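Take a look at the structure below.
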DNA sequence: ATAGCTGCAAATGCTTTGCAAGGCC
DNA sequence: GGCCTTGCAAAGCATTTGCAGCTAT
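Protein chains in written order, with the numbering used here: chain A, 17 to 159; chain B, 17 to 159.
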């Protein structure tokens, strides 16, 4: 169960409040959908479908707005794996990804499989904000 | 001067032919624009503007189509740095990137600054196709 | 009560495509 | 000449936004 570390033991409502978001019906519903259970990778459409299936009444527009708010609040991470489609990772801790080109599936890379050696420091007035590593897995070409 | 290693010494036209593309006026013009001189990172719009400035008559649609053909031909690399906008790198050799969030600028990361440790095996029937590493540089403002 | 949400639909921005005219071999 | 390309505009997608009505505090 992801979410920020300083919100352990809090209810979904309280956790939303902690990150500065008013706990509305749809935000609570989406937060539960996303953060209860193991971490995973979803697209806006995925969430939309799941919300519908779970009986959470939300429009696609609100899904997009809410996902972005969660990202800004630091409880969700955006992952760029494919052009034209945004993936969201409910695990915001430092880790990298495998992307299955064949079916567009995103998967966590085993911890420690990627190592950053000497990181050159950023130019004046800049700092390293995040490091995205995506290991692209393609169907083994049949020769 | 990028391009595939086995085309050294060939004219732009011949090099296009080598990768299976008919050397048309616009493909030659774009190839020269992109591959003559040091490697760089561009968007479709950048290329469009440069082509216009250089007097190469090309439509935006053809720019997009051509860039994709170049990518498929292996002489250009697509880099995902921002959602909704594709960057292209004229250097297809193994290397990683710095992305300046502030101004959307893409830059090569110094060689050797990133090191991949134990790469986990790829699942049945899959192989590692490419590894994208993007180091996000943000304005060092207040945290 | 009121500032903040939500939903719908229309708008946006990047990229692709359909199809007629033109260029390369 | 035949077939691949180009160009324009229109179509597509994913995502964002404007605004009236609703809701949490």
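Beta carbons are placed, not taken as given, at the ideal position from N, Cα and C, and that holds for glycine.
Bear in mind that the values here come from a model prediction, so they are computed numbers and not experimental data.
With DSSP as the reference, please indicate the residues paired to residue i in a beta bridge.
{"i": "residue 142 of chain B", "result": "A/155"}
{"i": "residue 106 of chain A", "result": "Looking at the DSSP assignment, residue 106 of chain A forms no beta bridge with any residue, so it has no partner."}
{"i": "residue 147 of chain A", "result": "B/151"}
{"i": "residue 86 of chain B", "result": "None, per the DSSP bridge assignment."}
{"i": "residue 101 of chain A", "result": "A/98"}
{"i": "residue 122 of chain A", "result": "A/115"}
{"i": "residue 59 of chain B", "result": "B/103"}
{"i": "residue 93 of chain A", "result": "A/105"}
{"i": "residue 131 of chain B", "result": "A/131"}
Does the distance from the C-beta atom of residue i to that of residue j stay below 9 Å?
{"i": "residue 142 of chain B", "j": "residue 156 of chain A", "result": "yes"}
{"i": "residue 80 of chain A", "j": "residue 60 of chain A", "result": "yes"}
{"i": "residue 52 of chain A", "j": "residue 28 of chain A", "result": "yes"}
{"i": "residue 95 of chain A", "j": "residue 89 of chain A", "result": "no"}
Might you give, ordered along the chain, the residues of its own chain that have their beta carbon closer than 7 Å to the beta carbon of residue i, omitting 5 neighbours on each side?
{"i": "residue 86 of chain B", "result": "92"}
{"i": "residue 106 of chain B", "result": "18, 50, 51, 55, 56 and 92"}
{"i": "residue 117 of chain B", "result": "152, 153 and 154"}
{"i": "residue 68 of chain A", "result": "none"}
{"i": "residue 30 of chain A", "result": "none"}
Who are the Cβ neighbours of residue i in its own chain at under 8 Å, not counting the five residues just before and after it?
{"i": "residue 115 of chain A", "result": "97, 98, 121, 122, 123, 150, 151, 152 and 153"}
{"i": "residue 32 of chain A", "result": "38, 39, 43, 44 and 47"}
{"i": "residue 58 of chain B", "result": "50, 66, 103, 104 and 106"}
{"i": "residue 159 of chain A", "result": "With a pLDDT of 44 at residue 159 of chain A, under the threshold of 50, the predicted position of this residue should be treated as unreliable, and no value is reported."}
{"i": "residue 70 of chain A", "result": "45 and 49"}
In chain order, what residues of the same chain lie with their CB nearer than 6 Å to the CB of residue i, ignoring the 5 residues before and after it?
{"i": "residue 42 of chain A", "result": "74 and 78"}
{"i": "residue 112 of chain B", "result": "125, 130 and 149"}
{"i": "residue 72 of chain A", "result": "45"}
{"i": "residue 108 of chain A", "result": "93"}
{"i": "residue 21 of chain B", "result": "At residue 21 of chain B, the pLDDT of 48 sits below 50, so the modelled position is not reliable; the number obtained from the coordinates is stated separately. The answer is none, since no qualifying residue turns up."}
{"i": "residue 76 of chain B", "result": "64"}
With 16 other CB atoms within 10 Å as the buried threshold, where does residue i fall?
{"i": "residue 146 of chain B", "result": "exposed"}
{"i": "residue 135 of chain A", "result": "exposed"}
{"i": "residue 45 of chain B", "result": "buried"}
{"i": "residue 148 of chain A", "result": "buried"}
{"i": "residue 63 of chain B", "result": "buried"}
{"i": "residue 140 of chain A", "result": "exposed"}
With residue i and residue j assumed to form a contact (beta carbons below 8 Å), what rounded beta-carbon distance in angstroms separates them?
{"i": "residue 26 of chain B", "j": "residue 35 of chain B", "result": "About 11 Å separates the two Cβ atoms, so there is no contact after all."}
{"i": "residue 100 of chain A", "j": "residue 133 of chain B", "result": "In fact, because the Cβ distance is near 31 Å, the residues do not count as touching under 8 Å."}
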